[in-house]
Each structure stands twice: as structure tokens, then as C-alpha cells.
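For reference, the structure discussed in these notes is given below.
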Amino acid sequence: MASRDRDPRRAGAGLQGLVERFARLGVDPAVIGQPEQSPAPQPNRDALELAASRIPPLYQDAVANDPQVLAWVEHVKQAARRGPEGQLGIARARSLLLLGETGTGKTHQAYGAIRALLGAGVRLRWQAITSVTLHAMMRPRPGADPEREMRELERTPLLLVDDLGAGRASEFTEETTYRLINYRYEQQLPTILTSNITPAELSGLLGDRTASRLRQMCHKAVLAGPDRRRAPSF
Ligand SMILES: Nc1ncnc2c1ncn2[C@@H]1O[C@H](COP(=O)(O)OP(=O)(O)OP(=O)(O)O)[C@@H](O)[C@H]1O
Ligand SMILES: [Mg+2]
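Note that the numbering used here has the sequence shown beginning at 918, numbered continuously upward.
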């Protein structure tokens, strides 16, 4: 059966014609017939610059280099979802618990991890708070709406809670911490937590229920070494 389409000479001529038409339209003929490729995630420079303005100056150039922290960053990148425009957005993921003594670089690694995610093109809304500020925020203050502020922290896609367990512990601080951690635990929202307390002290200082949740939900990184702030002279 000699159909027009199956005549190899006609098919070749048709292709040649198509190539010439594409060339006239300024389209590189080399791309004709190639499968459409989804764009690879590009480093999100705008988001990184915007984020940099919210990162404390001391940590604006922080680069995460701890292997456990980098493993967690990879996990969150893998868990990230594609939105309707193909952009990567943060989704449910495990959390990161950064432990270590004073000055070992926990906050540096935490901001480094946030910068790494932003730099990898993961669009994320994030907030950072120290646990001392968290507890102060939850106390009744004129003109403030602690419940609304708590809801925002509970729901933010990525939350950094710095210095967990710092400050004087009380029933009130234990309850506030439990409430925030429990919400994020149930919703599987990624949270970065830093603390000077040891794994053995977790239950005693934060309460059994919070400690139990942290053990299950967190990827743990323990930083060792000297206090990086200590000047040789004192
Ligand atoms: N990997 C690093 N490279 C360069 N500087 C670092 C690094 N890690 C930490 N630093 C610097 O060392 C100092 C202490 O770091 P950081 O504040 O992160 O410690 P920390 O463990 O959070 O301390 P604390 O327990 O008191 O909160 C800071 O000045 C920080 O900029
Ligand atoms: Mg710190």
C-alpha cells in the first residue's frame, strides 16, 4: 500500500520543509522532535536575597556543613512538592534537632540549612523564634494577640525554634513548648530546633510528652568542639 505518509522520499521532503519553516521562525531545528523537558529547579536567587534580609547579620553568610544537617536538607528537598507552576514548595517532612554545647555552631547550621533550601529553589515561608521569646510572646500583653501569633508559628511551613530549653522552666513554658511541638508533630511540618541540653536531659527539661515527640519526629545532629566565640585572650 503506497500511502503518501509512508513514502520515505515524501516524508523526508516534509521534514525538510518543516525544518526550513522552523528556521524562518528563528527556532533551532535541533530541538524539533526532542521530548519536552521539565525545567530543573534553578537556584532561587530572589528568594535567597529576600530571606537574607530576615536572617540576623551574624548568620547571613552561614553555610551548613555538618553531614547530618546536609542529610536533613536533602530529605526536605526530596520531600518538597511541585506546585501548579512547577515550583518546588515545602511539604511534610521530618524535623531537625541540633544539639551541642554553647558556641558550637548550632544557630549557624540552622540558618545555613534554611539558606541551602532557599538556594536549591525550594520556595518556603519560614519563621525563626527563640524559645525565650516564644514564652514571652504567650504571656498576656496589652494590644497583643498571643493566640493569633501562636497559630502563625504553628502553621508556618518551616519554623526555627532556637535555644529550646533556655530560660527558667515552669509549667507554663512546658505547656507552651508542648503545644507548639505537638501541633507541628501532628501536621508533620518541618521544624529546626536547637538546644544546649543533652538527649538525656530532654525529658527532664521539656517534659516527657514533648521529648517523646521530638525523638520520633527529628533527625538529630550533635555538634562538638570548642566554643567558637571564645577569644584566645579570655
Ligand atoms: N561553621 C562555621 N563557620 C564559621 N563560623 C561559625 C561556624 N559555626 C559557627 N560560627 C560562628 O561561631 C559563633 C557561634 O556560633 P553559633 O551562634 O551558631 O553557636 P551556638 O551553638 O548557636 O551557640 P549558643 O548555644 O550559645 O546559642 C558565631 O559567631 C558564628 O558566626
Ligand atoms: Mg545559638
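Every residue, glycine too, gets a C-beta built ideally from N, C-alpha and C.
Mind checking whether residue i and residue j have CB atoms under 8 Å apart?
{"i": "Thr1047", "j": "Asp1079", "result": "yes"}
{"i": "Ala1033", "j": "Ala981", "result": "yes"}
{"i": "Ala1027", "j": "Thr1108", "result": "no"}
{"i": "Leu1013", "j": "Cys1135", "result": "yes"}
{"i": "Ala1138", "j": "Gln995", "result": "no"}
For residue i, which residues of its own chain have a beta-carbon under 6 Å away from its beta-carbon, when the five flanking residues on both sides are left out?
{"i": "Tyr1100", "result": "Glu1071"}
{"i": "Arg1146", "result": "Gly1020"}
Figure out for me which residue from the options has the closest Cα to the Cα of residue i.
{"i": "Ala997", "options": "Val1039, Glu1064, Leu1119, Met1067", "result": "Val1039"}
{"i": "Ile1098", "options": "Arg999, Leu1075, Glu1118", "result": "Leu1075"}
{"i": "Arg1130", "options": "Leu967, Leu1106, Arg1147, Leu1140", "result": "Leu1106"}
{"i": "Val990", "options": "Gln1004, Pro1001, Gly1017, Leu1041", "result": "Leu1041"}
{"i": "Leu1035", "options": "Glu966, Phe1089, Arg1058", "result": "Glu966"}
{"i": "Phe1089", "options": "Asp1062, Ile972, Pro1116, Met1054", "result": "Met1054"}
{"i": "Ile1031", "options": "Arg971, Arg1058, Ala1117", "result": "Arg971"}
{"i": "Gly1029", "options": "Ala1010, Asp983, Arg1011, Gln1104", "result": "Asp983"}
{"i": "Pro973", "options": "Pro1059, Leu1077, Gln1133", "result": "Leu1077"}
{"i": "Arg1009", "options": "Tyr1102, Arg1056, Ala1037, Ala1117", "result": "Tyr1102"}
Residue i and residue j look like a contact to me (Cβ under 8 Å); what is the Cβ gap, rounded to whole Å?
{"i": "Gly1082", "j": "Ile1114", "result": "5 Å"}
Under 8 Å Cβ to Cβ from residue i, same chain only, skipping five residues before and after it: list those, please.
{"i": "Gly1124", "result": "Glu1091, Thr1094, Tyr1095"}
{"i": "Leu1156", "result": "Any question about residue 1156 goes unanswered here, given that the chain covers just 918 to 1151."}
{"i": "Gly1006", "result": "Ala997, Arg998, Arg999, Gly1000, Val1039, Arg1040, Leu1041, Pro1074"}
{"i": "Glu1069", "result": "Gln1044"}
{"i": "Gln1133", "result": "Tyr1102"}
Can you find the residues in the same chain that come closer than 7 Å, C-beta to C-beta, to residue i, ignoring five residues on each side of it along the sequence?
{"i": "Leu1119", "result": "Ala1128, Leu1131"}
{"i": "His1025", "result": "Tyr976, Ala979"}
{"i": "Lys1023", "result": "Leu1015, Gly1017, Thr1111, Leu1140"}
{"i": "Pro956", "result": "Residue confidence is low: Pro956 scores 48 on pLDDT, short of 50, so the model does not pin down where it sits. Its coordinate-derived value is still stated next. Excluding residues within five positions, the ones whose Cβ falls inside 7 Å are Gly1003."}
{"i": "Glu1066", "result": "Met1054"}
Length at least 3, wholly inside the region 1000-1033: the beta strand (DSSP E) runs in chain order: Within the region 1000-1033, the complete beta strand (DSSP E) runs of at least 3 residues are 1012-1017.
Complete runs of the beta strand (DSSP E) confined to the region 1064-1126 [at least 3 residues]: For the region 1064-1126, whole beta strand (DSSP E) runs of length 3 or above, ordered along the chain, are 1075-1079, 1108-1112.
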